[in-house]
Amino acid sequence: MATPETTEVTSKIFKGEPFSFSFHYLSENVTRFINALFAKILAKMDRVFLLDMFITIIREVSMNAVKANAKRVYFQGRNLNIEDPSQYEQGIELFKKNIVGQFESIEPDLKKSSYRVVFTIRMSSDYLAISIVNNAAIHPRELDRIKMRMDKARQYEDFTDAYDEIYDDSEGAGLGIVLTTLLLKNSGIGADNYRIETDGVSTTTSLLVPEELRPKEVTSKIKEQILNEVAGIPTFPEHIMTLQRLCNDPEASIAVISEKIMLDPALTTDVLKLSNSAGFVPGKRIETISDAVKTIGLKNLNALLLTSGARSILDKRYSRFEQIWEHCNHTAFYARQLAMRYRLGKIVENTFLAGLLHDLGKIIMLSTNQKLTNWVSDVVRDHKIRTSTVMEEISIGISHSALGGLIAEKWEFPEYLCETIRHHHSPLNAADNHRDMVFVTYVANMMCGIESRKYSFSYLEQEVLERFNLTDENEFNRIHTDFKNAYKENRV
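With the working numbering, the residue at position 124 of the sequence shown is 242, and numbering never jumps.
Right, dumping it as C-alpha cells:
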C-alpha cells in the first residue's frame, strides 16, 4: 500500500475524523506505517509508555486477520471446502506444514485475491477506537478456540502460567491472543475492551482504549501519594541558590562567585570539567575556578547550578541511576550540537541543560522510597492489576514527563525548562514560544532512542523534521552520524 504521511493522519484523528486504510499482507512497509502512526498518536495523548505494548498487540491482531484470509486463499487454491470438517482438518495440516513457517510464500496469492484487511482508527473524548476487519467470516471452530483462549487468559496473572494449558499445535502456538489479553489486562486498558466478532461475512477485532487507564479511585490515590513524594523533595541547597542570585547580579564579581563555588567540591569539579570540555575549547588547560567561570560564562554557570542542585538532591534521596544520567548527557550533547548547527543563538546556551534534565521524572518514578513502593504495590494488587514494577508509568497512569514537569515547577525552574521536560515526547503540544527548545530536545532524545533501537526515523513528527529541514531520511542519518562521531570524540 502507498502509506500516507503519519503526522497529517494523526492531526485528522485528533479532530475526530475516522481514518481507514487497507492491505492484503502485513508487509514491512505497512508495519512501519502502523508503528509510526501509533508513536505519534500516543505521544499526543501523553501515553508514549504504551507504545511497545501497542506495537506488539496491533501486529498480533493484524497478523491474525491476514492469516485468516491466507487460510481461505490456501483452501481455495487446493479446492478444499473450509466448511467441511474432514476437509478442514486436512487443509489445516497442510497450511501448518507449508505456510505457517514460511508465511511470506503466500503473499503473492493474497495480493491477487479479493481478501483484504481494513484498519480503522477513530477518537472521541472518552476513548480511542481501533477496528481491524478481514472480509472472511471466522470458522466456528476457530471462534470457539479463540473464546476459550480469551476466557482462560483472563484467569492468569502471568504469560508463563498459560503456556501448558492453552498451547495449541493446530496452526502454530496459538498464544498470541493470550498475550494480547494479558497485556491489555496489565496495562489498565482492560481485557473486556478487546473483542473478536463475526457477522457471517467478515470478522472484526475491536479494541477500545479509554482515556483513563485505571479506575479513578486507584489513580487518584497513587497520584496523590506520588505528588506528596514530589512535595517532600527538598528545595535546592542554600549555597546553590546564593550562587544563582550572584549570577544574576550585575554587581557581583568573578572573585566572589569563585569563592562560593569552591565551598562545594562536587560543584568545583563540575565547573572545571565543563570549562575544559570540547564545547568550549579554551586552547589551554583551565586550572582555576575564576578562569573556568570566565571561560564558560555566567549563563552556563547558572545552567550548571540547576543541574548540580538537581543531582545533589536526587543522589542523596534516591538510588543512583547512572544509566539514566548517561542517556541525559548523551541527549544534552546532541541537543547542543543541533542548536549550534541550525544557529539557534537565542537558545543554544540552554539546550544542554534542557537535554540534561529532560528525564528528571524517571529518577523519581524508578526510585521512590520503599514505603511508598509497598503501598502502591498493595493498591495495585487489591485491584487485581499485576505489573512487573509497580512504579513504572504503565502501572500508575502518569508519564515520567508529566511527573518531571511537576518537579520542575516545584523547584521553580525557568519556564522553558518546565515546558521541555513536560513535552519532550509530545513536542507538538509545546507552547509556541518554547517550541524550538522542545523540538531540539525531542530530536536529540529520538536520536538516542534510534541508537538503542527503541525508535526509528518514521516515528519522528513531520512538523519537527520540517523545522530543521530533516525530512529526508538520508540527510537525517548523515547529521546523526556526525553527532555520534563528535560524541565519541568528546568522551575520549
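Idealized CB from N, CA, C, for every residue including glycine.
Determine the closest residue to residue i out of the options, with distance taken between C-alpha atoms.
{"i": "Lys602", "options": "Val561, Ala428, Glu569 and Phe156", "result": "Glu569"}
{"i": "Val319", "options": "Val582, Val251 and Gln362", "result": "Val251"}
{"i": "Ile217", "options": "Ala188, Val582, Leu474 and Tyr312", "result": "Ala188"}
{"i": "Ile159", "options": "Thr323, Leu390 and Phe172", "result": "Phe172"}
{"i": "Asn587", "options": "Gly522, Val411, Asn608 and Tyr460", "result": "Tyr460"}
{"i": "Ala453", "options": "Thr469, Asp202, Ala373 and Val389", "result": "Thr469"}
{"i": "Ser393", "options": "Ile379, Lys378 and Asn418", "result": "Asn418"}
{"i": "Asp477", "options": "Tyr560, Lys303 and Thr386", "result": "Tyr560"}
{"i": "Arg177", "options": "Asn551, Val166, Phe151 and Ile414", "result": "Phe151"}
{"i": "Ser180", "options": "Ser249, Gly209 and Gln273", "result": "Ser249"}
{"i": "Asn420", "options": "Ala548, Asp550 and Met359", "result": "Met359"}
{"i": "Asp164", "options": "Gly523, Asp590 and Asp600", "result": "Gly523"}
{"i": "Ser408", "options": "Ile375, Ser231, Thr128 and Asp388", "result": "Ile375"}
{"i": "Lys303", "options": "Lys270, Glu315, Thr316 and Asp317", "result": "Lys270"}
{"i": "His445", "options": "Ser426, Tyr534 and Leu474", "result": "Leu474"}
{"i": "Lys464", "options": "Leu198, Gly427, Ser232 and Asn551", "result": "Asn551"}
{"i": "His357", "options": "Pro368, Thr386, Glu330 and Glu369", "result": "Thr386"}
{"i": "Ala370", "options": "Ser395, Ala410, Leu416 and Ile404", "result": "Leu416"}
{"i": "Ile372", "options": "Leu390, Asn366, Val411 and Ser395", "result": "Val411"}
{"i": "Phe594", "options": "Cys536, Thr323, Ala604 and Ser574", "result": "Ser574"}
{"i": "Met241", "options": "Ile379, Phe221, Pro136 and Asp310", "result": "Pro136"}
{"i": "Thr599", "options": "Ser576, Ala157 and Met565", "result": "Met565"}
Is the Cβ-Cβ distance between residue i and residue j less than 8 Å?
{"i": "Leu261", "j": "Ile175", "result": "no"}
{"i": "Ala254", "j": "Thr298", "result": "no"}
{"i": "Gly294", "j": "Asn447", "result": "no"}
{"i": "Gly567", "j": "Ser519", "result": "no"}
{"i": "Thr124", "j": "Leu155", "result": "yes"}
{"i": "Val191", "j": "Asp227", "result": "yes"}
{"i": "Phe237", "j": "Phe132", "result": "no"}
{"i": "His257", "j": "Ile200", "result": "yes"}
{"i": "Arg259", "j": "Val296", "result": "no"}
{"i": "Leu62", "j": "Val327", "result": "As displayed, the chain neither begins before 119 nor continues past 610, which places residue 62 out of reach and without an answer."}
{"i": "Val558", "j": "Ala548", "result": "no"}
{"i": "Thr425", "j": "Leu471", "result": "yes"}
{"i": "His142", "j": "Lys214", "result": "no"}
{"i": "Ile481", "j": "Ile442", "result": "yes"}
{"i": "Lys378", "j": "Leu390", "result": "no"}
Let me confirm a value: residue i is counted as buried when at least 16 other C-beta atoms fall within 10 Å, else exposed. Which label applies?
{"i": "Leu381", "result": "exposed"}
{"i": "Met458", "result": "exposed"}
{"i": "Glu579", "result": "buried"}
{"i": "Ala450", "result": "buried"}
{"i": "Lys185", "result": "buried"}
{"i": "Gly219", "result": "exposed"}
{"i": "Ser223", "result": "exposed"}
{"i": "Pro545", "result": "buried"}
{"i": "Asp170", "result": "exposed"}
{"i": "Arg363", "result": "exposed"}
{"i": "Gly134", "result": "exposed"}
{"i": "Glu510", "result": "A caution first: Glu510 carries a pLDDT of 45, below 50, which makes its placement in the model unreliable, though a value can still be read off. Its Cβ having fewer than 16 others within 10 Å, Glu510 is exposed."}
{"i": "Ala562", "result": "buried"}
{"i": "Gly306", "result": "buried"}
{"i": "Val498", "result": "With a pLDDT of 44 at Val498, under the threshold of 50, the predicted position of this residue should be treated as unreliable, though the coordinate-derived value follows. Classification for Val498: buried."}
{"i": "Asp554", "result": "buried"}
{"i": "Glu530", "result": "exposed"}
{"i": "Ala384", "result": "exposed"}
{"i": "Ala388", "result": "Correcting the residue type first, residue 388 is Asp in the shown sequence and not Ala. Per the 10 Å Cβ criterion, buried."}
{"i": "His501", "result": "Residue placement at His501 is flagged as unreliable, the pLDDT there being 37, under the threshold of 50; the coordinate-derived value follows with that caveat. Under this definition His501 is an exposed residue."}
{"i": "Ser232", "result": "exposed"}
{"i": "His406", "result": "For the sequence presented, residue 406 should be read as Thr rather than His. When all chains shown are included, Thr406 counts as exposed."}
{"i": "Asn153", "result": "buried"}
{"i": "Thr128", "result": "buried"}
{"i": "Lys162", "result": "buried"}
{"i": "Leu456", "result": "buried"}
{"i": "Ser204", "result": "exposed"}
{"i": "Lys606", "result": "exposed"}
{"i": "Ser517", "result": "buried"}
{"i": "Glu537", "result": "buried"}
{"i": "Gln488", "result": "Unreliable positioning characterises Gln488 in this predicted model, as indicated by a pLDDT of 48, which lies under 50. A coordinate reading is not provided."}
{"i": "Thr323", "result": "buried"}
{"i": "Arg234", "result": "buried"}
{"i": "Gly195", "result": "exposed"}
Which partner residues of residue i appear in the DSSP bridge assignment?
{"i": "Pro328", "result": "Tyr245"}
{"i": "Glu315", "result": "Thr322"}
{"i": "Thr238", "result": "Ser138 and Ser249"}
With 8 Å set as the bound, which would you pick, yes or no: does the beta-carbon of residue i sit closer than that to a beta-carbon of chain B?
{"i": "Leu364", "result": "Of the chains in the structure shown, none is chain B; there is only one protein chain."}
task = Kindly provide the ranges of any alpha helix (DSSP H) runs that are 4 or more residues long and lie completely inside the stretch 540-594, ordered along the chain.
result = 553-569 and 580-585
task = Please specify which runs of the beta strand (DSSP E), each continuous and at least 3 residues long, are wholly inside the stretch 159-230, giving them in chain order.
result = Taking only runs of at least 3 residues, no beta strand (DSSP E) segment lies wholly in the stretch 159-230.
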